[in-house]
Amino acid sequence: MNLKKPGLPLLTIQIKYEPDIVTARRKTRDLAEALGFDSQDQARIGTAVSELARNVFQYAQKGTVEFFFNTQIPQALLIKVSDRGPGIANLHDILGGVYISPSGMGVGLIGSKKLMDIFELETSNAGTEVLVGKTLSAKSKNISNDVLVKIVESMATKKADDAFEEIQLQNRELLAALDELTAKKNELSELNAELEETNKGVLALYAELDEKAESLQHANEVKTSFLSNMTHEFRTPLSSIISLTRLLIDRVDGDLTPEQERQVNYIRKSGESLLELVNDLLDLAKVEAGKVSVNAASFDVEELMGSLRGMFRPIIGDRESIEFTVDWDENIPELNTDQPKVAQILRNLISNAVKFTEKGRIQVNAKQVNSENVLFTVADSGIGISDEHHRLIFEDYSQIDSKVQKKHKGTGLGLPLSRKLARMLGGDLWVESKIGSGSIFHVLLPIKYEGNKEAILIPKNNSPMPTEITESNSKFKVLLIDDDEPSRYILRGLISSQLSADFIEVQTGEEGLVKIKTLKPDVVFLDLNMPGLSGFDVLDKVQSDPNLKDTPIIINTAKKLSEYEIARLEHASAILSKERTDHQRALQEMKSALVKVGFDYQ
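When we follow the numbering used here, the leftmost residue of the sequence shown carries the number 4, and every step to the right adds one.
Okay, structure coming up:
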């Protein structure tokens, strides 16, 4: 987008004095309201502009805030904040979230970037220009030039609000948030008391979710629907609470007393913890529904580990009986994988360590084990886990019966979800633990995500991890033809539990036919619904070729088959359903299918 002429000009505000920052925020909010943005977007846009205006005043002494409107679809409100200051020398560190400001909050630019849909920046020793924007909702009506003219005229004649009224509004929002989240305590004066109250609320939520899960675990479809609907309902109010507390902490509309700042920080941390729990539940529902995708991007381990340390140190810091350390190998190269999922895995593991370690140590570490993999470990000196429970803790809704477990009730979702996410990223998660000696959870991940390629490592005294597959070291060649990556992942896990095999995976029927002809696989698992050549067509072509018709083919489909379709599959060796939800039943069906095609995996 052109920073010089981003759109139709609407309004210009000069930043010369500190009150101009409040004026800029108020004008921004009024303009956003006139353009039809909802209250949350009004707060986001106003916060972003006030932060940028604050930077102008602090670092360049003066500048301008210009408002534009992009009339092209999608329409958007654009704001350009410019100054003639010395420029931004450490821009990379600021946008990377590692810069520590010696004079300010250090969150103006990165916070504005997160709040807005559009963010562009140009800086030099002659000054800085930042363009931010928020697009109108797709449901909103397009705004005509005549309407824009009326809005501009209204803004020009509108009487400025009293600054004291603005502060009073912010104080009322603060009091409402405090009343809502601290019903059992009107005044929070000590950190330990607030943390205890927060823990009670979190544990009560865990207990409630656990009770709900127990009643739904025998009906997977109902359970998934429940989790999805409930988490969406929780996310909206929690996000609003967190956004409001951030506005207060950033002092957008006035200063806070030290006691008020501490109380608001408690609210923010509690809200973020609850939102993380809600997101975990939603992620589990998505994983079980096969709707989770991997969004790989480059990031530094230092950034990841630093954020984890900053998140948990305030929580653990008040427990003097626990030593909490976070270390990593500085030589670890940049990772290219899904950072939010990696962070989610480690947060779950650290949260468990905090929960089950009353005194001693909690150590988080990251190191490079070879040219392809990085290993994260979370070690604690807690109660430990007996050998017979090592498998149980990774099963959905499973919990170990112990005094500490009864004290800290949970849903039994964290570890199963973490392992599923680790394997989705091409790695694995396992545990080393003994009763009374603490636990060490290992997370092995590829440095570069490459789809469903499995990691190469077998930990000592533990169950084997997945082995890298190549087409040259075949013992049994198993060809998977399916356009759905999660389905291939699940199928590969079921097969691997029954026999030692090398897997070749393709996403289309055309590719599958080529592999059948060139590789002569020992067995083929074939999906029916694929773009292009369907599974029915692949089966017909194999049967019509004398050189291929003896190839064992097992159908693996979620399709509800009609009598006609079943008749078309008469030459298939077996038919498996993707809709199976019972793991033991799925294993038994897989065994039966493999026996039919002549495999002896005993």
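Quick reminder that beta carbons are idealized off the backbone N, C-alpha and C, glycines included.
Keep in mind that this is a model prediction, so the values were computed, not measured.
Quiz item: Should K423 be labelled buried (16 or more other beta-carbon atoms within 10 Å of its own) or exposed?
Solution: As a working mapping, residue 423 is identified with position 420 in the sequence shown. By the 10 Å Cβ count, K423 comes out buried.
Quiz item: When we look at the beta-carbon of K358 and count the other beta-carbons within 10 Å, is it buried (16 or more) or exposed?
Solution: One-based indexing of the sequence shown puts residue 358 at position 355. By the 10 Å Cβ count, K358 comes out buried.
Exercise. May I have the straight-line CA-CA distance separating N532 from T138, to the nearest angstrom?
Key: One-based indexing of the sequence shown puts residue 532 at position 529. One-based indexing of the sequence shown puts residue 138 at position 135. Cα-Cα distance, rounded: 37 Å.
Exercise. Please say whether A51 and S115 have beta carbons closer to each other than 7 Å?
Key: Reading the sequence shown from its first residue, position 112 is the one you call residue 115. Reading the sequence shown from its first residue, position 48 is the one you call residue 51. Taking 7 Å as the Cβ cut-off, S115 and A51 qualify as a contacting pair.
Quiz item: For P524, does the count of other Cβ atoms within 10 angstroms reach 16, so buried, or fall short, so exposed?
Solution: For the purposes of this step, residue 524 is taken as the residue at position 521 of the sequence shown. Flag for P524 reads buried.
Quiz item: What's the gap between the Cα of F60 and the Cα of I252?
Solution: Here residue 60 is taken as the residue at index 57 of the sequence shown, counted from 1. Here residue 252 is taken as the residue at index 249 of the sequence shown, counted from 1. Rounded to whole angstroms, F60 to I252 spans 19 Å at the Cα level.
Quiz item: Given a threshold of 16 other Cβ atoms within 10 Å of its Cβ, counted over all protein chains shown, does G107 qualify as buried or as exposed?
Solution: In the sequence shown, residue 107 corresponds to position 104, counting from 1. Legend: pLDDT at G107 = 48, less than 50; position of this residue unreliable, value from coordinates given subsequently. By the 10 Å Cβ count, G107 comes out exposed.
Practice problem: Pick helix, strand or coil for A561, following the three-state DSSP scheme. | Solution: Indexing the sequence shown from 1 puts residue 561 at position 558. A561 falls in the coil class under three-state DSSP.
Quiz prompt | Counterpart residues of V526 in DSSP-defined beta bridges | solution = Along the sequence shown, one-based indexing puts residue 526 at 523. According to DSSP, which records beta bridges pairwise, V526 is partnered with V481.
Quiz prompt | Candidates N58, V527, A159, L198: closest to G88 by CA position | solution = Walking along the sequence shown from the start, residue 88 turns up at place 85. Comparing Cα-Cα distances from G88 to each of N58, V527, A159, L198, the minimum goes to N58.
Quiz item: Is the stretch 437-457 touching the stretch 329-342 in the sense that three or more CB pairs, one from each, lie closer than 8 Å?
Solution: yes
Quiz prompt | Beta-bridge partners of E132, as assigned by DSSP | solution = Residue 132 sits at position 129 when you count from the first residue of the sequence shown. BP columns for E132 point to S85, E125.
Quiz item: So which of L536, L502, A382 has the shortest CA-CA distance to S595?
Solution: The sequence position of residue 595 within the sequence shown is 592, counting from 1. It is L502.
Quiz item: From G100, S143, V526, pick the residue whose C-alpha is nearest to that of M593; which is it?
Solution: What you label residue 593 is simply residue 590 of the sequence shown in a count that begins at 1. Cα-wise, what sits closest to M593 is V526.
Quiz item: In terms of alpha-carbon separation, which member of K480, G512, K437 lies closest to D486?
Solution: The sequence position of residue 486 within the sequence shown is 483, counting from 1. Among K480, G512, K437, the Cα nearest to that of D486 belongs to G512.
Practice problem: To the nearest angstrom, report how far apart V517 and I507 are at their CA atoms. | Solution: For the purposes of this step, residue 517 is taken as residue 514 along the sequence shown, with counting starting at 1. For the purposes of this step, residue 507 is taken as residue 504 along the sequence shown, with counting starting at 1. Rounded to whole angstroms, V517 to I507 spans 12 Å at the Cα level.
Quiz item: To which residues does DSSP link A369 through a beta bridge?
Solution: For the purposes of this step, residue 369 is taken as residue 366 along the sequence shown, with counting starting at 1. Answer by DSSP bridge pairing, in chain order: W331, F379.
Quiz item: Can you tell which of P555, L432, Y209, N368 has the C-alpha that lies nearest to the C-alpha of F327?
Solution: Within the sequence shown, residue 327 is the residue found at index 324, counting from 1. The option with the nearest alpha carbon to F327 is N368.
Self-check item: Neighbourhood of G387 by C-beta distance below 7 Å, restricted to the same chain and skipping five residues each side
Solution: By one-based count along the sequence shown, residue 387 stands at place 384. The answer, listed in chain order, is S436, K437, I438, G439, S440, G441, S442.
Exercise. Can you say whether E474 is buried or exposed, counting buried as having 16 or more other CB atoms within 10 angstroms of its CB?
Key: As a first step, residue 474 is located in the sequence shown; it is residue number 471 there, counting from the start. Legend: pLDDT at E474 = 40, less than 50; position of this residue unreliable, value from coordinates given subsequently. It counts as exposed.
Quiz item: Span of the alpha helix (DSSP H) holding G66?
Solution: Position 63 of the sequence shown holds residue 66. Taken as a continuous stretch (DSSP letters only), G66 belongs to no alpha helix (DSSP H), being part of the beta strand (DSSP E) at 66-73.
Quiz item: So, using beta-carbon positions, are V381 and I335 closer together than 7 Å?
Solution: Against the sequence shown, residue 381 aligns to sequence position 378. Against the sequence shown, residue 335 aligns to sequence position 332. No, Cβ-Cβ distance for V381 and I335 is not below 7 Å.
Quiz item: Going by alpha carbons, who is nearest to N73 out of I82, T67, V281?
Solution: By 1-based counting over the sequence shown, the position of residue 73 is 70. The residue with the shortest Cα to Cα distance from N73 is I82.
Quiz item: What are the start and end residues of the alpha helix (DSSP H) that includes F539?
Solution: As a working mapping, residue 539 is identified with position 536 in the sequence shown. Looking at the DSSP string, the run of the alpha helix (DSSP H) that includes F539 is 538-547.
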